[in-house]
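Colleague: Top line first, the protein sequences correspond to chains A, B, C and D.
Heads up: the first sequence is residues -9 to 508, going by our numbering.
Heads up: the second sequence is residues 30 to 328, going by our numbering.
Heads up: the third sequence is residues 374 to 681, going by our numbering.
Heads up: the fourth sequence is residues 176 to 512, going by our numbering.
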Amino acid sequence: MKKIVTSLLIVAFVLAMAGCGGSGGTAATQPAATSPQGSAGTPARDKLIVAIPETPTYVDPHIQATIGTFRVVTQIFDRLVELDADMNLVPTLAESWDIKDATTTVFHLRKGVKFHDGNTMTAEDVKYSLERCIASAGVNYNYLIISEINVIDENTVEIVTSEPCSVLLYRLTLDAASIVSKAAAESTSDFNAAPVGCGPFKFVSWELGGDITLAAFEDYWAGASPIKTLVFKTIPESISRTVALETGEVDIAYDLSATDFATVEANPKLKMATTTSGTVWYVGANVKDPILSKKEVRQAMAHAINKQDFITLTFNGNATDASNTMMSPYLMGYAPDLVTYDYDVEKGKALLAEAGYPNGFSCTLYVQDAQIYKDASVALQEALRQIGITVEIKSMDGATFTSATSKGEHQLFFMSKTSIDPDSMLRAMYSEDSLGASGNRTFYVVPEIDQMLDEALATTDSEHAKDLYKQIQAIVAEDVPLYPLAVEYLNVGMQSDVNGFKLYPGKTHYIYGTHIGE
Amino acid sequence: MNFMTTITTTTIVKRRKKKSQFVMVWERLKQNRLAVAGLVILSVIVLAAIFANLLFDYEAMAVRQNASIRLNPPSSEHWLGTDEVGRDILARIVFGARISLPVAFATILIAAVIGGLLGAIAGYGSRTADNIIMRIMDMFLAIPSTLLAIAIVATLGSSIRNLLIAIAVSNIPPFARIIRSSVITIRNEEFIEAAQAIGANDRRIIFKHILPNAMAPMIVQATMCIAGSVLSIASLSFLGLGIQPPTPEWGSMLSNGRQYIRVAWWVCTFPGIAIMLTILSLNLLGDGLRDALDPKLKN
Amino acid sequence: MYKFILKRLFMLIPVLLGVSFIVFTIMSLTPGDPVQLYLGDNYSQEAHDQISEELGLNDPFLIRYAKYVFNALQGDLGNTYSTKRPVTTEIFARFPATVRLAGAALFFAIAVGMPLGIVSAVKQYSLTDNASMLVALLGVSMPNFWLGIMLILLLAANLGIFPASGDAGFKSLVLPAITLSANSLATITRMTRSSMLEIIRQDYIRTARAKGLRESVVVFRHALRNAMIPIITSAGLQFGFALGGAVLVETVFSWPGIGRLLVDAIKLKDTPLVLGLVLVMAVSFTVINLIIDILYAFFDPRVKAQYK
Amino acid sequence: MENLLEIKNLTVEYHTQGEIVHAVNGLSLNLRQGESLGLVGETGAGKTTTALSILQLVADPPGKIMGGEIFFDGVDLLKTKKSLLRSVRGNKISMIFQDPMTSLNPVYSVGFQIAEVIQLHENCSKEEARRKAEEMLEMVGIPKERYEEYPHQFSGGMKQRVVIAMSVACSPQIILADEPTTALDVTIQAQVLELMNDLKEKLHTSLLLITHDLGVVAQVCDRVAIMYSGEIVEQGTIPEVFDHPAHPYTIGLFGSIPTLSMESTKLTPIEGQMPDPTELPAGCNFSPRCPYARAECHSKKPGVTRIPGEATHELRCFALGWEQPDETLMEVIKRGR
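1) For M341 of chain D and I289 of chain D, which I take to be in contact (beta-carbon distance under 8 Å), what is that distance rounded to the nearest angstrom?
2) Buried or exposed for G490 of chain A, going by 16 or more other Cβ atoms inside 10 Å?
3) Are the CB atoms of I53 of chain A and I290 of chain B within a distance shorter than 8 Å?
4) Can you tell me whether DSSP reads L185 of chain D as helix, strand or coil?
5) Does DSSP classify H454 of chain A as helix, strand or coil?
6) At a CB distance below 8 Å, what residues from the segment 245 to 276 of chain B approach chain C? Give them in sequence order.
7) Which whole-angstrom value describes the C-beta separation of L295 of chain B and P103 of chain B, a residue pair presumed to lie in contact below a C-beta threshold of 8 Å?
8) Taking 8 Å as the threshold (C-beta atoms), are Y133 of chain A and I124 of chain A in contact?
9) Any chance the segment 597 to 608 of chain C sits against the segment 557 to 569 of chain C, with 3 or more Cβ pairs inside 8 Å?
10) Find the residues of chain B that neighbour K496 of chain C, judging by a C-beta separation of less than 7 Å, and give them in chain order.
11) Of all Cβ atoms in chain D, is any one closer than 8 Å to the Cβ of N503 of chain C?
12) With a 10 Å radius around its C-beta and 16 neighbouring C-beta atoms as the bar for buried, classify V71 of chain A as buried or exposed.
13) Just to confirm, are T219 of chain A and K90 of chain A a CB contact at a threshold of 8 Å?
14) Could you check where the alpha helix (DSSP H) with Y669 of chain C kicks off and where it finishes?
15) In chain order, what residues of the same chain have a beta carbon less than 8 Å from the beta carbon of K407 of chain A, not counting five sequence neighbours either side?
16) Could you tell me the distance, in whole angstroms, from the CA atom of I182 of chain D to the CA atom of S228 of chain D?
17) Would you mind telling me which residues of chain C sit closer than 8 Å to S278 of chain D, beta carbon to beta carbon, in chain order?
18) So, are the CB atoms of D68 of chain A and L79 of chain A less than 8 Å apart?
19) Between L(-1) of chain A and chain C, is any beta-carbon pair separated by less than 8 Å?
20) Relative to the C-alpha of G350 of chain A, which candidate in A:V287, A:F300, A:D411, A:A394 has its C-alpha closest?
21) Looking only at its own chain, which residues have a Cβ that is under 6 Å from the Cβ of T380 of chain A, when we skip the five neighbours before and after it?
22) Per DSSP, what are the beta-bridge partners of A476 of chain A in this structure?
23) Among C:I661, C:D666, C:V547, whose alpha-carbon lies nearest the alpha-carbon of F481 of chain C?
24) By DSSP, does R481 of chain D sit in helix, in strand, or in coil?
25) If you follow the beta strand (DSSP E) that S211 of chain D is in, where does it begin and where does it stop?
26) Please identify the residue among A:K397, A:Y500, A:Y363, A:A206 whose C-alpha is closest to the C-alpha of Q418 of chain C.
27) Mapping DSSP to helix, strand and coil, what is S627 of chain C?
28) From what residue to what residue does the alpha helix (DSSP H) around M311 of chain D run?
29) Work out the CA separation of A275 of chain A and P645 of chain C for me, nearest whole Å.
30) Can you grab the Cα-Cα spacing for the pair G31 of chain A / A243 of chain A, in whole Å?
31) Please report how far the alpha carbon of G12 of chain A lies from the alpha carbon of N531 of chain C, in whole angstroms.
32) I want to see whether chain D comes within less than 8 Å of D673 of chain C, judged by CB atoms only; does it?
33) Closer than 9 Å by beta-carbon distance: list the chain B residues that pair up with K364 of chain A, in chain order.
34) DSSP three-state call for D112 of chain B: helix, strand or coil?
35) Could you name the residues that DSSP lists as bridge partners for Y356 of chain A?
36) Note the first and the last residue of the continuous alpha helix (DSSP H) segment covering M371 of chain D.
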């Protein structure tokens, strides 16, 4: 018994120290922080180790659209255009582009760009890459609108869409639109084992279940990165990522747990970077359900949720109020507060009574079995209980969750959506085009919204498009088929001598530009 | 030594013949200080679970969330602190015992009954039955039990009932094995031959002779397995396959509290200690029971 | 002896068939859609149908199983849904890490547990005995993921002695191995003690003492070898569990082993991977049992005689 | 003749579950060079404990030697150093245990187990020890080719031969044989006894033979000591004790075995059971069962007295000293067997 008590005291003491920001605790980590890789002799470190929460499934960008994969492949491949950290379109492999007509865009490629295998990038590679993407079921959903890709000359390529598409350029910034080396991809049956792109880092090795090692590409068109070796290390547990950062095992750790922010910030050897992401978390209602089909019921639920408390409980306060719209603040057409739902339990009860449920009802809430879902589901369960709705939480693995919710087995569900353009966000959430698996899991269909979406996509007048998006937001905020709750913060912790790192709201941060030391 | 054993056993038998088996076991158990300690700890936990409603307001302390008092350290008001949504940890641990213990007992009861029957049939029945049953058990044994439970919960979905089934199924093979081997040992003993000789039928032999004699290893195995079961429930919850919120359950408390361990050590530490104490007490009791039920095994 | 080994290996076949059938059944009953896993978060219905057909998911259950067995007999366990690499590649990329972890844990458990158990038995009721039995009891009672978290906190986060995660050399092996060995160490200590206590009271130990042998010779030469069988059995079982059941420790320490791979595969409903992993585990489990049986013969001539 | 082994006032207790079992109570016994002494008594009389005490093999816990002295070659074994004791064990005093089935280590070859003791005490090489061990096997009638075989390949009688070979391997001065034939069947018993007799003659070894079989004693021993409840109640040469048993217990013991010359057709077993060793009677330990017991017997412990007119015949009984002797008893003693 004594032993337990003693060890508890030790643990308590140690925790207390850690909590204080580590006056004593960090002293021990000092040597590690100065030189995690033990390259004590060399003046500047040029090896960067990045801790990521999920292992990539591929290093070929054209197989599957998952964040784990894209966070790595974005370093290996460049796209025609890119978004900078402030979400402005910047030329990358395309030096410039002309909009020929509503459906045709001409890209003028940067000359003399080398692939990692030494070949020069040409219009043929661009055409091949985009067609390869369109042919791949796992990544093509954003590009099916492309009808033709024409090579004009070696350095000019023309993309034709079947309908006007104002957000084409944004979509071409996504990793699924990565430009791969045609020669390399055609010569090997397993491009995934030896990917060749023209990005700032080239593929070196991938131990299955272990580290992925990349090396600086010395002939990178924008100049070689000062980071010569880039290692991605999968550490699924957020607390372990923080510890790895503290012990100096890694230089950068993605997606720290909100509860660790204070500790990391208080540590003089470490620093944090945070930004608002394009990821919006929401609770959705299956409108095909007889009870949830009633607008008043959905509104009543909205009134029952105290978003501030929800953000405190679920995100430890590190998220922004989603302001009743699925659009995140930096997206074009963001129009908050068109319709608002104050936290008002009495009003919620009244609306329920109006809908015919004065004593509430029971329903299911489908969530995945990851921490954030668990915290959120418990908070939602409690919130809805206040107006008399009994929530049964159904927690399941990701695959089951996605499948069940796309079939509409659920009543309520909690989920997130990340997007960098208004069309893909609104279309995925509220359009008939995307019922079920493609994103519309509330099965909410209003023909008017679909029309407006198409119109906004086709128009070249961005003010008109903004206006249309605003109207759509007004309708969906009134109907609340889903209630947006929070816009997640993206965060990264790093050693304080890591400089130049920029967070990218689309979650796939570019390492290029990062350097260690001054 | 031989001399010693003969003397002591004969005298003990002589003097205590009048007392029932139960009283004898109890008396031996009482002399084992560790087992008594285990029994006391377990009783405290069980009593707390039974009278949980008198101790705490379930609604107010174990379920209702309160963002203003989240992650409060232990204090006079909340003895073991509050969790990430402002619930009292002590109250949740006490109510958690209401889940962990009954579920663990139930799984073992199911496993013991099914495993016991299978083992008895295998041990007492025909060679074919024995072969079929034991080969199937071998197959189940070749799959690690945690993984079997994970697969079953993943298949059936996570709920108390499915958790129960999953853990029970993965516990069947050891019971079947134990009973089978006891049955085979006992079956070959003379008193069974004697019973057969006087024309007792199989059922009577199984229920009147074999099962009571196989009870001792069964009870010991059951006590140990309850401990294992408490751990399995916690493990599955840790992997996100456990009992669903807001039901307080130790494993999920541990797993939820885990990400706060550095800022709020109490959230994760106390449920861990609750699990440890429960398992410890069950193990102590199991050891004591084994010694008490079968003095020959002692030392 | 060889015949015995061959016979035992032969007996593996029905076990593997049975195990694969059980797992195949469980996996096909599991709700959830492997195609979703195959295609990622966003895809169209046509893509879904096409992949479904490609993967043969539309065939009846028994046909799928028969196809699987047929291919497996030719050494082809198929490709995983999630990475599309051959299942064998995926498994054997991670199996060494698991073996390393399980081996280190077993080594630690034996190196510490056996001496503790022997001392406890020889000096029964002494302070050492009581202390090591208490440690052993705590060892079996502690949830090992909890122990792992505490160790990370103490030795990695606050003292920075060992890395908290990953598999990068000896140092990173220490914490997970200790965590994983806690249970086996406790079990082996208890098993060694009780087995030694039983043996030490045997007549032939008295014979050995009556010969005038030193107590150390009596304990190590005469008692320990006889006590080995239960010790080996429990050590082997622990190793088997560690090979397959180190899921929690692998999760806590981000160890790239097959336990974690299997849990992920189950959650993702990656049937070929789950099947492959379970088969590998079943084979290792059986092989370990076989090794245990062979070791029995090494320690006990009576057992050896039975194998002829 | 010198006393080779002299046990004085040996007291051994077993402490279990809060009870104290009085196994040996102030026992004294001598053994001379080359002599064979039979130690006879019922199961539980403390014979084995006595023998184990000589080599301090009583399992501790629960056994404890509470007092007394055991002189061997002038040295008190109970007070000597462990290392000296070890050099006596198996070398100068060796022991044959009751159950040959369990007294050999199952995991070592029989040859090794014999060679082990030789190598230990004779400071010789492995090869020499092996050669000698093979000789010993041959001596007890086992072909040396079976050196590498394991105990499970031997029958009970053969195992006991191995045990005997082991015990005589270092030419000990004393062999303590604890019911060496009890576990064997009758024909094997005779062979083993004969073997022991031969070896004893050949090696001039003293023998302490523990048995409950008076016939065996008569066949092998020079003297006999009768043990009851942890005490020697009567001892003397074979003719002294066998022809004129004087202790009521001994008389009873002879009454309970059939003899060829017996006229009566009925055996007369001794009534009752041995006293509970945890609660010994206040007086003579045999008094509760003794048909001749008087008040004195129930309250006082009798001392040891020499029977007048006999050289070594001693007994622990009040009866011979009574002023008014018990007629029946006197009659029985006088008649003899």
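Backbone N, C-alpha and C fix where the C-beta goes; we use that ideal spot for every residue, glycine too.
These numbers come from a predicted model, not from an experiment.
Modeller: Result, derived from the coordinates:
1) About 5 Å; that satisfies the 8 Å criterion.
2) So G490 of chain A ends up on the exposed side.
3) Taking 8 Å as the Cβ cut-off, I290 of chain B and I53 of chain A do not qualify as a contacting pair.
4) Under the three-state reduction of DSSP output, L185 of chain D falls in the strand class.
5) In the structure shown, H454 of chain A sits in a helix (DSSP, three-state: H, G or I).
6) The residues in question are A256, L260, A263, S264, F267, L268.
7) Note that residue 295 of chain B is Trp in the sequence shown, not Leu. W295 of chain B to P103 of chain B, Cβ: 6 Å. Contact.
8) Judged by their CB atoms, I124 of chain A and Y133 of chain A are nearer to each other than the 8 Å cut-off.
9) With a cut-off of 8 Å, the segment 557 to 569 of chain C and the segment 597 to 608 of chain C count as touching, because enough Cβ pairs lie within range.
10) None at all; the shortest Cβ gap to chain B is about 13 Å.
11) Not an interface residue.
12) Using a 10 angstroms sphere on the CB of V71 of chain A, the tally of other CB atoms reaches 16 or more, which defines it as buried.
13) Against a cut-off of 8 Å, the Cβ pair of K90 of chain A and T219 of chain A comes out as no contact.
14) Per DSSP, Y669 of chain C belongs to the alpha helix (DSSP H) from 644 to 672.
15) Answer for K407 of chain A: T269, V270, Y272, M316, M415, A418, M419, G429, listed in chain order.
16) Roughly 10 Å separates the two Cα atoms.
17) Contact note: S278 of chain D reaches chain C through D576, Y577, R579, T580, using a C-beta cutoff of 8 Å and chain order.
18) It is not a contact, given that the beta carbons lie outside the stated cut-off.
19) Confidence in L(-1) of chain A is poor, its pLDDT being 43 and thus under 50, which makes the residue's placement unreliable; the coordinate value appears in the next sentence. Interface with chain C (8 Å Cβ-Cβ cutoff): L(-1) of chain A is excluded.
20) It is A:V287.
21) Within the same chain, and ignoring the five residues on either side of T380 of chain A in sequence, the residues whose Cβ sits closer than 6 Å to its Cβ are S352.
22) Per DSSP, A:W271, A:D311.
23) The shortest C-alpha to C-alpha distance from F481 of chain C to any of C:I661, C:D666, C:V547 is the one to C:V547.
24) The three-state secondary structure of R481 of chain D, taken from DSSP, is strand.
25) In the DSSP assignment, S211 of chain D falls within the beta strand (DSSP E) that extends over 211 to 216.
26) For the set A:K397, A:Y500, A:Y363, A:A206, the Cα lying nearest the Cα of Q418 of chain C is the one of A:K397.
27) Three-state result, S627 of chain C: coil.
28) 301 to 314 is the span of the alpha helix (DSSP H), which, as asked, contains M311 of chain D.
29) For the pair P645 of chain C and A275 of chain A, the Cα-to-Cα distance works out to about 35 Å.
30) Per-residue confidence for G31 of chain A stands at a pLDDT of 43, beneath the threshold of 50, marking its modelled position as unreliable; the derived number appears in the next sentence. If you take the alpha carbons of G31 of chain A and A243 of chain A, they lie about 25 Å apart.
31) Unreliable placement is indicated for G12 of chain A, whose pLDDT of 32 sits below 50; the coordinate value is still reported in the next sentence. One Cα belongs to G12 of chain A, the other to N531 of chain C, and the distance between them is close to 8 Å.
32) For D673 of chain C, the answer is yes, since a Cβ of chain D falls inside 8 Å of its Cβ.
33) Against chain B, a Cβ distance below 9 Å from K364 of chain A picks out G269, P274, S281, S284, N285.
34) D112 of chain B falls in the coil class under three-state DSSP.
35) Partner(s): A:K384, A:F403.
36) Start and end: 361 to 378.
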